[in-house]
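Residue numbers (my numbering): 42 to 98.
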Ligand SMILES: [Zn+2]
């Protein structure tokens, strides 16, 4: 069974079965989010923030 995911940042299709592109995953609020590359995963982190982890005042 083929599973295609889409990068949540650029909507690029990510083929689960391919090994040449590692799927980058981030978990936010108990949900898994998938990205085509680490850069986009990091950007998602930046955009959506670590809401409850920052304690700087
Ligand atoms: Zn992407």
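Think of the CB as a built atom: it goes at the ideal place given N, C-alpha and C, for glycine as much as any other residue.
- Excluding five sequence positions before and after residue 46, the CB atoms of its chain that fall closer than 6 Å to its own CB belong to 55, 75, given in chain order.
- The alpha-carbon separation between residue 52 and residue 84 amounts to approximately 14 Å.
- Contact between residue 67 and residue 82 holds, with the beta-carbon distance rounding to 5 Å and staying under 8 Å.
- One alpha carbon belongs to residue 77, the other to residue 49, and they sit about 8 Å apart.
- For residue 53, the distance from the CB to the nearest heavy atom of ligand 1 is below 6 Å.
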